[in-house]
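Peer 1: Got a structure here, written out as structure tokens. Questions coming.
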Amino acid sequence: MKVFAIALFFTVLVTGCYSGDDYNQTIIVRAENSVRFENQKNYVVGDTLFFEIEFSRYLEEDGFTTLLDVYETTEATAFSFSFGLLKFSDFSNTYEFINVDSELVLGPRPDDSSSNGFYGNQLVAVLDVTTQEQYYSRIGLILVETGDYQLDLDFLSFNPPYDPNKVQLRIENVVTNDTSLDVGFTVAEE
Amino acid sequence: MYRFLLISLTLLTVQNTVSAQDSIYGSYKNQVFTNLLLPILSSIDLNYERTLGGNFAIGVGGAIYGDTFQDLSFDDSYRAGELTTKYEITPFTRLYFNGNQNNSHILEIFGSISGVEESGRYIRSVNPEGFGVYDIGVKSFTRGGFGMGYAYRFLFMEGKLVAEAQLGLRTNFDVSFVVVNAALVRTGIKIGYRF
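Protein chains in written order, with the numbering used here: chain A, 8 to 197; chain B, 697 to 891.
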């Protein structure tokens, strides 16, 4: 019996050296500081606030030294995204998420808007047709109410059109410490 | 599967009715054997066994699997792609209840190192411009496993020839919900030579 136990131990030991393989997962890459927002801080009702999205098609991926070409990987000429708007409430003494009518959001829309994205109002950043190096989008928000606001970009990410036969990939926006984004502004009566 | 069970039961019945008492054959330490069912599944295997003591044996088997063999596997339904086991090496230990020089019931415990190909996997490569690109393709990898089996062994020609009916089940430890994956390996009707 002792021989059997020893043989069993070595059998398990040998096979235990080989671990299973991981499964397909969504590829996640980082786009640093993809939002450009020249915040004027003080607006009046009727103004339009603009900000821009821009990121390279070549992005860093954890665990690899070479940049990932997201265009060649996904063949996507546009990546969809959405953003949120927070308004300060005296009732709760904090910023609250508010829904924004799509009529008040200006910018390029996806051809097939099957999903409204994390915040609703799905938009796209489009590959520059000339250089084919950058994805770009200029977004406008028509301000119709007074109050203290913040753009909510904490969960900003960019996704290619869903196609089960293509690689699933997500680009996450990362704000580096030295370029923290000022997203607060005030809208006053005209 | 049903054919295997039918053959196994038939052999056991014949054994118990015709030869109720095991014979003591000459003592042989080595055995090579192969599974007769695998060629039907466009596969082939070869095993070597060395006896240890009176009731034990250790050995190693190697198998090359064809596409038909995948029908016996239950471990590929929950992945994105399709798993294909191309080959498998199975070190094993055996416990012979009636002694390893007689007709005997056998409990077998075996390890598994298998070469697997999975289609539909994300494969990262570097394009001529020096940037990484993912494509969907076939990925090869090796994984370990563990299994158990039951067999009955018949000896013929003064113990030089051996025939076995075996049922074996192997898992690679992957779990889908609460179900551990499994595949029928080392299962079939085997013949071999002892020396």
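Ideal placement from N, C-alpha and C gives every residue a C-beta, glycine not left out. On a predicted model such as this, the values are computed, not experimentally measured, just so you know.
Expressed to the nearest angstrom, what Euclidean distance is found between the alpha-carbon atoms of Ile802(B) and Gly884(B)?
Peer 2: To locate residue 802(B), count along the second sequence from 1; it is residue 106. To locate residue 884(B), count along the second sequence from 1; it is residue 188. Rounded to whole angstroms, Ile802(B) to Gly884(B) spans 14 angstroms at the Cα level.
Peer 1: For Tyr848(B), write down the residues that DSSP places opposite it in a beta bridge.
Peer 2: In the second sequence, residue 848(B) corresponds to position 152, counting from 1. Per DSSP, His801(B) and Ala861(B).
Peer 1: Report yes or no: is there a C-beta of chain B within less than 8 angstroms of the C-beta of Phe62(A)?
Peer 2: As a working mapping, residue 62(A) is identified with position 55 in the first sequence. Closer than 8 angstroms: no.
Peer 1: Whole-angstrom Cβ separation of Ser164(A) and Ile149(A), contact assumed at under 8 angstroms?
Peer 2: On the first sequence, position 157 is the one that residue 164(A) refers to. On the first sequence, position 142 is the one that residue 149(A) refers to. Not really, about 24 angstroms apart at Cβ, beyond 8 angstroms.
Peer 1: Assign Ser96(A) to buried or exposed, taking buried as 16 or more other Cβ atoms, counted over all protein chains shown, within 10 Å of its Cβ.
Peer 2: By 1-based counting over the first sequence, the position of residue 96(A) is 89. Per the 10 Å Cβ criterion, exposed.
Peer 1: Cα-Cα, which of Gly828(B), Phe852(B), Glu804(B) and Gln862(B) is closest to Phe842(B)?
Peer 2: Position 146 of the second sequence, counting from 1, holds the residue named residue 842(B). It is Glu804(B).
Peer 1: If the criterion is Cβ atoms closer than 8 angstroms, does the pair Ile887(B) and Ala861(B) meet it?
Peer 2: Within the second sequence, numbered from 1, the residue matching residue 887(B) stands at position 191. Within the second sequence, numbered from 1, the residue matching residue 861(B) stands at position 165. No, they are not a contact pair.
Peer 1: For the structure I just gave you, are there three or more beta carbon pairs, one from the stretch 84-104 of chain A and one from the stretch 152-162 of chain A, closer than 8 angstroms?
Peer 2: Taking 8 angstroms as the limit for Cβ pairs, the verdict is that the stretch 152-162 of chain A does touch the stretch 84-104 of chain A.
Peer 1: Go ahead and label Ala753(B) buried or exposed: buried means 16 or more other beta carbons lie within 10 angstroms of its beta carbon, across all protein chains shown.
Peer 2: For the purposes of this step, residue 753(B) is identified with residue 57 of the second sequence, where counting begins at 1. Ala753(B) is buried by the Cβ-count criterion.
Peer 1: Below 8 angstroms between beta carbons: does that hold for Ile60(A) and Ser41(A)?
Peer 2: By one-based count along the first sequence, residue 60(A) stands at place 53. By one-based count along the first sequence, residue 41(A) stands at place 34. A contact, by the Cβ cut-off of 8 angstroms.
Peer 1: Check Pro735(B) in the structure and name its three-state DSSP category.
Peer 2: Counting from 1 along the second sequence, the entry for residue 735(B) is found at position 39. Pro735(B) falls in the helix class under three-state DSSP.
Peer 1: Just curious, the alpha helix (DSSP H) that Tyr102(A) is in, first and last residue?
Peer 2: As a first step, residue 102(A) is located in the first sequence; it is residue number 95 there, counting from the start. Tyr102(A) -> not in any alpha helix (DSSP H); beta strand (DSSP E) instead, spanning Thr101 to Ile105.
Peer 1: Starting from Tyr65(A), find everything on chain B with Cβ-Cβ shorter than 8 angstroms and list it in chain order.
Peer 2: Along the first sequence, one-based indexing puts residue 65(A) at 58. By Cβ distance, chain B contributes Phe827.
Peer 1: Since Leu66(A) and Val77(A) should fall inside the 8 angstroms C-beta cutoff, what is the C-beta to C-beta distance between them, to a whole number of angstroms?
Peer 2: The residue given as residue 66(A) occupies position 59 in the first sequence. The residue given as residue 77(A) occupies position 70 in the first sequence. Correct: roughly 6 angstroms between the Cβ atoms.
Peer 1: Quick one: residues in its chain with C-beta nearer than 6 angstroms to the C-beta of Ala731(B), no 5 flanking neighbours on either side, listed in chain order?
Peer 2: In the second sequence, the residue the question calls residue 731(B) occupies position 35. The question names Ala, but residue 731(B) is Asn in the sequence shown. Here the set comprises Asp741, Gly884 and Lys886.
Peer 1: In chain order, what residues of the same chain lie with their CB nearer than 6 angstroms to the CB of Thr55(A), ignoring the 5 residues before and after it?
Peer 2: As a working note, residue 55(A) is residue 48 in the first sequence. Closer than 6 angstroms at the Cβ level, and outside the excluded window around Thr55(A), lie Gly147 and Ile149.
Peer 1: Is there a Cβ of chain B sitting closer than 8 angstroms to that of Ile35(A), yes or no?
Peer 2: The count along the first sequence starts at 1 and reaches residue 35(A) at position 28. Judged by the 8 angstroms Cβ criterion, Ile35(A) is not in contact with chain B.
Peer 1: Within 10 angstroms of the Cβ of Asp69(A), are there 16 or more other Cβ atoms? Answer buried if so, exposed if not.
Peer 2: Your numbering for residue 69(A) matches position 62 in the first sequence. Label assigned to Asp69(A): exposed.
Peer 1: Could you tell me which residues DSSP pairs with Tyr142(A) in its beta bridges?
Peer 2: Looking up residue 142(A) in the first sequence gives position 135. Paired residues: Phe62(A) and Leu134(A).
Peer 1: Counting only beta-carbon separations shorter than 8 angstroms, does Asp135(A) have a partner in chain B?
Peer 2: Within the first sequence, residue 135(A) is the residue found at index 128, counting from 1. Taking Cβ atoms only, chain B never reaches closer than 8 angstroms to Asp135(A), which makes this a no.
Peer 1: Is it the case that the Cβ atoms of Gln948(B) and Thr780(B) are separated by a distance below 8 angstroms?
Peer 2: The first residue shown for chain B is 697 and the last is 891, placing residue 948(B) beyond what the model contains.
Peer 1: In chain B, which residues lie with their C-beta within 9 angstroms of the C-beta of Phe165(A)?
Peer 2: By one-based count along the first sequence, residue 165(A) stands at place 158. The contacting residues do not exist; Phe165(A) stays about 16 angstroms from chain B at best.
Peer 1: Give the single residue among Glu152(A), Glu79(A) and Ser187(A) whose Cα lies nearest to the Cα of Leu134(A).
Peer 2: Working through the first sequence from its first residue, we reach residue 134(A) at position 127. For the residues Glu152(A), Glu79(A) and Ser187(A), the minimum Cα distance to Leu134(A) belongs to Glu79(A).
Peer 1: Where do the ends of the alpha helix (DSSP H) carrying Thr80(A) lie?
Peer 2: Start at 1 with the first residue of the first sequence, and residue 80(A) comes out as number 73. First-last of the alpha helix (DSSP H) with Thr80(A): Val77 to Thr81.
Peer 1: Would you call the CB atoms of Leu857(B) and Tyr846(B) closer than 8 angstroms?
Peer 2: Translated into the one-based positions of the second sequence, residue 857(B) becomes position 161. Translated into the one-based positions of the second sequence, residue 846(B) becomes position 150. Not a contact, by the Cβ cut-off of 8 angstroms.
Peer 1: Within 10 angstroms of its Cβ, does Asp831(B) collect 16 or more other Cβ (buried), or is it exposed?
Peer 2: The residue labelled residue 831(B) in the question sits at position 135 within the second sequence. Asp831(B) should be labelled exposed.
Peer 1: Does the CB of Tyr830(B) have a neighbour CB from chain A at under 8 angstroms?
Peer 2: Stepping through the second sequence from its first residue, residue 830(B) is reached at position 134. At least one chain A Cβ lies under 8 angstroms of Tyr830(B).
Peer 1: Indicate the three-state DSSP secondary structure (helix, strand or coil) for Ser96(A) in the structure shown.
Peer 2: Working through the first sequence from its first residue, we reach residue 96(A) at position 89. Here Ser96(A) sits in strand by DSSP.
Peer 1: Please list, in chain order, the chain A residues whose beta carbon lies closer than 7 angstroms to that of Asn823(B).
Peer 2: Position 127 of the second sequence, counted from the start, is the residue given in the question as residue 823(B). Per Cβ cutoff of 7 angstroms: Asp76 and Glu79.
Peer 1: Is Phe869(B) helix, strand or coil by DSSP?
Peer 2: Along the second sequence, one-based indexing puts residue 869(B) at 173. Reduced to three states, the DSSP call for Phe869(B) is coil.
Peer 1: What's the gap between the Cα of Ser187(A) and the Cα of Gln141(A)?
Peer 2: Within the first sequence, numbered from 1, the residue matching residue 187(A) stands at position 180. Within the first sequence, numbered from 1, the residue matching residue 141(A) stands at position 134. Approximately 22 angstroms between the Cα atoms of the pair.
Peer 1: Does the ligand FAD have a heavy atom nearer than 7 angstroms to the CB of Val42(A)?
Peer 2: Annotation note on the ligand FAD: not contained in the displayed structure, which lists no ligands.
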